[in-house]
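Notes to accompany the following structure.
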Amino acid sequence: MKHNIFFFSLLCSLMVACTTDKKSPTGNPIENLVAYLAEQNVSQTHAELVYEGGEVLKTSKRFWMLASTPHSVEKLQKEGKYHGDLKANTQNLQMIDSCLSAFRWGCSAASHCYHKENHVKGNDSIIYALAFEPLDGEEIALQDDDSHIVMGANYKAAKAATLRYTGDERYSMVGVEYVNREAKGKKEPFDERPLKDFVKWVKEKIAGVKVYETSYEYSFEDYASNPALVIGLPVEETGSFEGKTTGHLYVVPEARAQQVFDALKTKVETYYVSEHPNQKFYLTIEEKEINVDERLDGYSGTQPYCHKGLQGKLSVDGHFYILVLDQTIGAFGYPFDWHHTLRVKDHQATLLPNAHKPNKEGWID
29 MKHNIFFFSL
39 LCSLMVACTT
49 DKKSPTGNPI
59 ENLVAYLAEQ
69 NVSQTHAELV
79 YEGGEVLKTS
89 KRFWMLASTP
99 HSVEKLQKEG
109 KYHGDLKANT
119 QNLQMIDSCL
129 SAFRWGCSAA
139 SHCYHKENHV
149 KGNDSIIYAL
159 AFEPLDGEEI
169 ALQDDDSHIV
179 MGANYKAAKA
189 ATLRYTGDER
199 YSMVGVEYVN
209 REAKGKKEPF
219 DERPLKDFVK
229 WVKEKIAGVK
239 VYETSYEYSF
249 EDYASNPALV
259 IGLPVEETGS
269 FEGKTTGHLY
279 VVPEARAQQV
289 FDALKTKVET
299 YYVSEHPNQK
309 FYLTIEEKEI
319 NVDERLDGYS
329 GTQPYCHKGL
339 QGKLSVDGHF
349 YILVLDQTIG
359 AFGYPFDWHH
369 TLRVKDHQAT
379 LLPNAHKPNK
389 EGWID
């Protein structure tokens, strides 16, 4: 998620970026910002919750906002070409301004503050990285490389936050991440048994579930011709993109889709985050998507790799889809629109019956 910067008025009515320590419920303007963003309409604010387990449980709350600039809206309106939601766009601009204001204020509340701006040829970028607390026995340090500073500034600390802003005369986009890290003891191996039990329950107890075998075979040509449609990794040792990934796709009918989605969300949050946070897991939760796995632990591409994990998606077609990848031989790869695709071979995709084809950017919903 992507003129001179518009210096928007400070929107104190939002009570997020404009609070003082005296008025703030937490005394931390970034925590107030995150609480505010979490309450917003997801059609305006794309939100993602990420957990990483192990010796330290890392919880990340991530938000992205995109809006047309006032100059762009005015220009398009004069030309009769603006077809967006003007009210929603204005609210997004306000949220972006609120984020920038909160991080400016947050520098004074943080124990460490990194701030960098670039304004070149009508393109603007701003990055903030704030650290609030060290983890016990850990030094607070910026983990990055100057050549990629805009892409990945991150503080290694118990509580930290980053903001990345990009803008030009047409669009303003901001991404915010707030991270909380807690020591959890000795790392334990990932246990996929709860996921297997869940899939077994879906197959046996949910009426109308359909199960399909999946097979995705990719080559370099597939990545080169339309990389937006392929998710995966080349073989590290050789750089080869040739590979085959197999698995199973479970399709839950509309009548039970939301129930199964909610049950999976509760299952993974309870077992991994609450009960076993020191296992090696990676869990992402969005409004309609869940992904939990071991992050390709031990994958090299030189030997057959057995996957551990699953991903689920509530689609706009009303169904809930679960993809369980079984094995990869060679380079790892699967389609962006995996919930509608059964097979990929010889650069051709075989879709589920009545599935929508993705456009050139890879979006199908």
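According to the numbering used here, the sequence shown is numbered sequentially starting from 29. C-beta: ideal position from N, C-alpha, C; glycine also.
Can you tell me whether residue i is buried or exposed, with buried defined as 16 or more other CB within 10 angstroms of its CB?
i: Val248; result: Val is not the amino acid found at residue 248; the sequence shown has Phe there. Flag for Phe248 reads exposed.
i: Asn382; result: exposed
i: Lys106; result: exposed
i: His367; result: buried
i: Thr266; result: exposed
i: Pro255; result: exposed
i: Asn120; result: buried
i: Ala252; result: exposed
i: Lys50; result: A caution first: Lys50 carries a pLDDT of 35, below 50, which makes its placement in the model unreliable, though a value can still be read off. Exposed, because fewer than 16 other Cβ atoms sit within 10 Å of the Cβ of Lys50.
i: Thr369; result: buried
i: Ser136; result: exposed
i: Asp164; result: exposed
i: Thr298; result: exposed
i: Gly112; result: exposed
i: Tyr199; result: exposed
i: Pro217; result: exposed
i: Gln331; result: exposed
i: Ala235; result: exposed
i: Lys214; result: exposed
i: Asn56; result: buried
i: Ser96; result: buried
i: Leu292; result: buried
i: Ser126; result: buried
i: Val288; result: buried
i: Asp393; result: Confidence in Asp393 is poor, its pLDDT being 43 and thus under 50, which makes the residue's placement unreliable; the coordinate value appears in the next sentence. That one is exposed.
i: Thr378; result: exposed
Under the DSSP definition of a beta bridge, which residues are partnered with residue i?
i: Pro162; result: Pro162 is not bridged to any residue.
i: Met201; result: Leu94, Thr194
i: Ala75; result: Phe91
i: Lys341; result: Glu317, Tyr349
i: Tyr153; result: Looking at the sequence provided, one finds Ser at residue 153 rather than Tyr. DSSP lists Asn146, Thr194 as partners of Ser153.
i: Tyr333; result: Thr356
i: Ser243; result: Thr274, Arg371
i: Lys86; result: Glu80, Arg209
i: Glu297; result: Answer is none; Glu297 lacks a bridge partner.
i: Ala189; result: Leu158, Tyr206
i: Glu220; result: None; Glu220 has no bridge partner.
i: Tyr183; result: Leu170
Whole-angstrom Cβ separation of residue i and residue j, contact assumed at under 8 Å?
i: Val78; j: Ser88; result: 4 Å
i: Cys334; j: Asp354; result: 7 Å
i: Val84; j: Arg209; result: 5 Å
i: Ala181; j: Tyr142; result: 6 Å
i: Gly337; j: Gly260; result: Incorrect: roughly 15 Å between the Cβ atoms, too far for contact.
i: Ala138; j: Ala159; result: 6 Å
i: Val230; j: Pro363; result: 22 Å between Cβ atoms; not a contact.
i: His147; j: Ile168; result: So it is not a contact: roughly 28 Å between Cβ atoms.
i: Glu161; j: Ala186; result: 4 Å
Which residues mark the beginning and the end of the beta strand (DSSP E) in which residue i is found?
i: Val280; result: 271-280
i: Pro363; result: 360-363
i: Val372; result: 369-373
i: Leu261; result: 258-261
i: Asp125; result: Note, Asp125: premise wrong, no beta strand (DSSP E); alpha helix (DSSP H) at 114-137.
i: His347; result: Element bounds for His347: n/a, residue is neither H nor E.
i: Lys140; result: Inspection of the sequence shows that residue 140 is occupied by His rather than by Lys. Segment 140-148, the beta strand (DSSP E) holding His140.
i: Leu324; result: Per DSSP, Leu324 belongs to no beta strand (DSSP E) and is neither H nor E.
i: Ile313; result: 310-313
i: Gln307; result: Run containing Gln307: none; DSSP gives neither H nor E here.
i: Gln376; result: 376-379
I'd like the span of the alpha helix (DSSP H) that includes residue i, first residue to last.
i: Ile234; result: Careful: Ile234 lies outside any alpha helix (DSSP H) and carries neither H nor E.
i: Pro249; result: What sits at residue 249 in the sequence shown is Glu, not Pro. Residues 248-253.
i: Ile58; result: 57-66
Between residue i and chain B, is any beta-carbon pair separated by less than 8 Å?
i: Pro381; result: Absent from the structure: chain B. Only one protein chain is present.
| message | Any contact between the segment 230-247 and the segment 354-374? By contact I mean 3 or more CB pairs, one from each, below 8 Å. | response | Here the segment 230-247 lies against the segment 354-374, with 3 or more beta-carbon pairs under 8 Å apart.
| query | How do the segment 222-231 and the segment 323-331 stand: do at least 3 beta-carbon pairs fall below 8 Å, yes or no? | reply | With a cut-off of 8 Å, the segment 323-331 and the segment 222-231 do not count as touching, because too few Cβ pairs lie within range.
| query | Below 8 Å, can you find three or more Cβ-Cβ pairs linking the segment 90-97 to the segment 194-205? | reply | Output reads yes: the segment 194-205 touches the segment 90-97.
| Touch check for the segment 60-71 and the segment 194-201: three-plus C-beta pairs under 8 Å? | Touching, no.
| message | Counting beta carbon pairs with one atom in the segment 236-245 and one in the segment 107-114, are three or more of them shorter than 8 Å? | response | no
| task | Report yes or no: do the segment 269-289 and the segment 298-310 share at least 3 C-beta pairs separated by less than 8 Å? | result | Verdict: no, contact absent.
| task | May I ask you to verify whether the segment 283-293 touches the segment 329-348, counting CB pairs closer than 8 Å and requiring at least 3? | result | yes
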